[in-house]
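Position 92 (the sequence shown) corresponds to 91 in numbering that gives the first Met the number 0; numbering is contiguous. Data first, discussion second: the structure below is written as structure tokens.
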Amino acid sequence: MAHAQPQDGELEWVGEKPWEAAADPEAYPNTDFEADAAEGRGLGTRLFAGLLILLGAVWLGAAGYALTLAWPGASLPAWTGWIATLSAPLILLGLAWLLFGRSGRRETQRFTAAVRAMRQESEALEAVLAITAAKLAENRAALNEESSRLMTLGDEATDRIGRVTHQLARESGELDRKAQALDQAASAARVDIGVLMSDLPKAEEQARAAAEAMKQAGLGAHEQAMALESQLAALAARSREADEAAGGSAQRLGAHLARIESGAGAAAERMVEAAGQMNGVVDQAMERAGEAVDQARQGLEAQGQTMLAMIEQSRAAFEQAGAETTKGLAERLDLAGQKIEMLAGRLATQDQASRTLLGNIGRQVDEVGRLIVLLGEHGDAQGARLTESMGALRASAEALRQEIAHGDGQAEALTGRTQALGTALAAVTGQLRDEMPPAMAGIEIQAERTAAAAKAVTGEMAAMHEAADAAAERTAAAEASIARQRESLDALFAALRDGVRDAEEKLNAMSTLVGEADGAAAQMIRDTGPELVEALVRVREAAAQAATHAREAIAAVIPESVDALVEAARGAIAEAASAPVKAQLDEIGSASHLALATAKAASERLTRQLLTIGETAAAIEERIAEDRAEREAKDAHALSQRVSLLIDALNSTAIDVSKILSNDAGDAAWAAYLKGDRSVFTRRAVRLLDSGEAREILRHYEEEPEFRDQVNRYIADFEALLQRVLADPDGSALGITLLSSDMGKLYVALAQAIERLRK
């Protein structure tokens with residue numbers, strides 16, 4: 000008989016059964032085991048037994064009748080003789096039955112039939128055990144398939160969650176970039192406002208310089224008028240010099256007025272250009288901010304809906320798979336328990352039948368012993384035959400006892416095998432009970448973590464929605480403030496335009512007055528010049544005539560005449576030029592004072608508007624700083640959650656990488672993973688990579704798409720984690736710590752193996 004290999008805790012028979020030789024038909028070459036002969040022998044034995052019983056009954060009836068006819072009374076010898084007489088035929092009938100009805104051959108045949116029946120029962124029991132083992136193997140295979148399917152579903156869910164987390168990180172990066180673009184636009188707006196604020200003091204200085212120039216021009220005009228008056232007083236001696244001085248004064252005054260006009264026009268143009276640039280920049284910034292906020296809000300809403308749908312689908316798949324697996328496992332365990340109970344019942348029945356057979360055999364042996372003792376009193380020859388028969392019977396009984404002992408041992412072995420099978424089933428059930436709750440607990444923990452991650456992502460999305468709404472509200476407030484500032488600037492520019500227009504009108508009027516004064520002065524010079532020359536000629540002629548006629552009295556008359564002439568000329572010139580010139584100078588002074596007051600009022604209004612713009616810009620900068628601080632606080636708060644999710648994704652990917660590198664993952668590693676040590680497979684992958692070669696890893700990477708996908712996913716997740724950590728100002732030390740950890744070592748080894756760090 001072939002030896003069966005024990006497999007998965009099952010007990011198999013080893014070696015040849017000890018009772019097969021006794022039950023083997025080839026061990027009895029002179030015995031016919033055909034079914035018809037056996038039936039014939041059984042019928043003859045029954046007829047012989049019936050005949051002996053009938054003879055015994057007839058003998059007892061005849062002896063009883065004879066005893067009633069010859070009743071011995073109370074005589075003991077008579078009763079002893081009657082008992083011997085009655086017992087002798089019965090003993091002969093018993094010996095005949097022993098000799099012809101229950102021979103050793105028949106007992107052997109009967110025992111062989113019993114052994115054959117026991118062998119058939121044992122084969123049936125082995126068939127049942129084989130079916131049970133096959134069912135257990137099928138159940139174990141189905142359980143492994145269910146576990147693999149659950150692990151696959153868990154890996155797929157983890158992969159999907161990792162992808163969604165990666166997409167969320169990418170969307171967050173895009174949102175950060177858009178926020179940075181918004182900050183840059185705000186910075187550009189602040190720069191433009193600063194340029195405008197820096198230009199406005201220049202305009203104010205230019206206006207003040209224009210007013211000062213106008214004031215100085217007025218003072219200069221007054222001084223020039225005084226000089227003109229003094230020159231007109233000395234016009235008799237210096238008429239040409241007075242004419243040149245008046246012309247120079249008029250030219251300088253015109254140059255001052257031209258500078259004033261050009262300065263005012265340039266200031267107005269600069270203010271108009273600055274206002275246009277500021278309006279354009281503010282409009283562009285607001286449009287970009289509105290578009291960025293709308294796009295971010297739409298992207299966040301779509302991503303949030305997708306994330307919630309995927310999480311609900313994963314949760315439903317987990318619940319359905321767990322319920323189906325638990326239900327199927329419970330049904331299989333119940334079926335196995337029922338089969339074990341049926342097998343135990345059959346074994347108990349077989350044990351009871353074996354014990355009953357042993358009891359019957361023992362009673363028959365005792366009865367044979369008593370009969371032999373009784374027959375030993377009837378002679379030596381019969382005793383010798385009985386001794387031989389006794390020896391044969393004892394040998395048969397001893398063989399029968401040995402066979403029964405072997406049957407008991409076989410039954411005990413079968414019972415032990417059944418108990419071992421029950422123990423193995425109990426161990427399998429206990430192992431399933433021990434392993435399934437942690438596995439289901441791990442799945443529930445993973446589902447809870449998925450739900451927590453979904454809640455965290457939902458919280459982050461809600462916070463981002465709130466931040467986007469707050470940013471939209473602040474943007475709307477900034478738009479309203481900018482609109483108000485724009486209206487104020489428009490009003491300021493309108494006031495400046497009005498002031499400049501008034502100043503231009505006043506300057507034009509002043510230029511007209513100055514022109515009229517220049518014309519009057521020139522006319523006065525043109526009108527009084529020839530008359531003065533003629534008067535001087537007449538005076539000279541009169542003086543010459545006077546000198547000719549009264550040369551003797553010149554010493555006393557000439558000074559008086561000269562003084563009188565000078566006084567007369569001075570009075571005439573003063574009367575002719577003083578009144579119009581003073582009137583023109585008074586008008587010029589009043590116009591200058593009015594223009595100065597108007598410019599000062601416009602400068603004060605411009606200063607107030609600039610202060611308002613500065614306060615508004617400071618408020619906007621303060622709000623932007625608060626928004627930035629709040630966003631940084633939220634980013635710092637969400638850093639730990641994002642890092643935790645990325646670390647879980649890295650550990651999950653490390654499981655697949657280590658599984659591809661080596662399939663012999665021990666139960667201790669899975670037990671540690673289920674107990675919470677998520678980095679056990681990462682360390683295992685690092686050890687596998689340390690013991691391997693880079694060329695072998697590169698070969699796996701180039702030839703196996705699954706390994707390439709897992710390596711690319713691990714590298715992408717680690718680089719996303721590293722970029723997120725290094726984005727923090729103080730993240731350099733944490734980045735070095737990550738690179739020196741097991742995850743970092745695995746990343747560096749994989750990246751160097753696929754030559755990623757060399758590109």
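We put the CB at the ideal spot given by N, CA and C, even for glycine.
Using only CA atoms, which one of the options lies nearest to residue i?
| i | options | result |
| --- | --- | --- |
| Gln-183 | Glu-718, Arg-627 and Ile-753 | Arg-627 |
| Leu-152 | Leu-167, Ser-651, Asp-497 and Ala-750 | Ser-651 |
| Ala-752 | Ile-696, Leu-738 and Tyr-713 | Ile-696 |
| Leu-94 | Val-163, Arg-115 and Gly-55 | Gly-55 |
| Gln-351 | Met-117, Gly-172 and Ala-132 | Met-117 |
| Thr-164 | Leu-737, Ala-715 and Ile-623 | Ala-715 |
| Leu-59 | Leu-85, Leu-92 and Glu-540 | Leu-85 |
| Asn-711 | Thr-44, Glu-486 and Asp-158 | Asp-158 |
| Leu-181 | Ala-624, Leu-720, Asp-727 and Ala-632 | Ala-624 |
| Thr-131 | Leu-737, Gln-337 and Glu-540 | Gln-337 |
| Gly-172 | Leu-738, Leu-46, Ala-126 and Arg-723 | Arg-723 |
| Glu-211 | Ile-619, Val-114, Lys-599 and Gln-544 | Lys-599 |
| Thr-606 | Glu-204, Leu-46, Gly-734 and Glu-540 | Glu-204 |
| Val-759 | Gln-166, Thr-736, Arg-148 and Ile-619 | Residue 759 lies beyond the stretch modelled for the chain, which goes from 0 to 758, so this question has no answer here. |
| Val-127 | Ser-147, Gly-344 and Gln-709 | Gly-344 |
| Arg-45 | Ala-77, Asn-143, Ala-133 and Arg-105 | Arg-105 |
| Arg-604 | Ser-589, Gln-544 and Ala-493 | Ala-493 |
| Ala-617 | Ser-186, Trp-78 and Leu-66 | Ser-186 |
| Asp-585 | Met-225, Asn-138, Ile-735 and Arg-162 | Met-225 |
Which two residues bound the contiguous alpha helix (DSSP H) that contains residue i?
| i | result |
| --- | --- |
| Ser-739 | 731 to 739 |
| Trp-78 | 75 to 95 |
Is residue i helix, strand or coil by DSSP?
| i | result |
| --- | --- |
| Ala-69 | coil |
| Ala-726 | coil |
| Ala-808 | The chain is shown only over 0 to 758; residue 808 falls outside these bounds and no answer can be derived. |
| Glu-120 | helix |
| Ile-646 | helix |
| Ile-612 | helix |
| Ile-753 | coil |
| Glu-703 | coil |
| Ala-233 | coil |
Give me, in chain order, the residues of the same chain whose beta-carbon lies closer than 8 Å to that of residue i; leave out the 5 immediate sequence neighbours on both sides.
| i | result |
| --- | --- |
| Ser-731 | Leu-725 |
| Pro-200 | Leu-609 |
| Gly-63 | none |
So, at 7 Å on beta carbons, what are the nonlocal neighbours of residue i in its own chain, with the 5 sequence-adjacent residues on each side left out?
| i | result |
| --- | --- |
| Arg-92 | Reading off the sequence shown, one finds Leu at residue 92, where the question assumed Arg. Cβ within range, chain order: Leu-51, Leu-54 and Gly-55. |
| Leu-218 | none |
| Glu-486 | none |
| Pro-728 | none |
| Leu-66 | Trp-81 |
Cβ of residue i versus every heavy atom of the ligand GTP: is any distance shorter than 6 Å?
| i | result |
| --- | --- |
| Gly-734 | By its list of ligands, the structure shown contains no ligand whatsoever, and the ligand GTP lies outside what it can speak to. |
Output needed for residue i: all residues of its chain with C-beta closer than 6 Å, excluding positions within five of it in sequence on either side, in chain order.
| i | result |
| --- | --- |
| Ser-740 | none |
Report task. Inspect the CB distances between the region 64 to 74 and the region 102 to 117 and report whether three or more fall short of 8 Å. Result -> no
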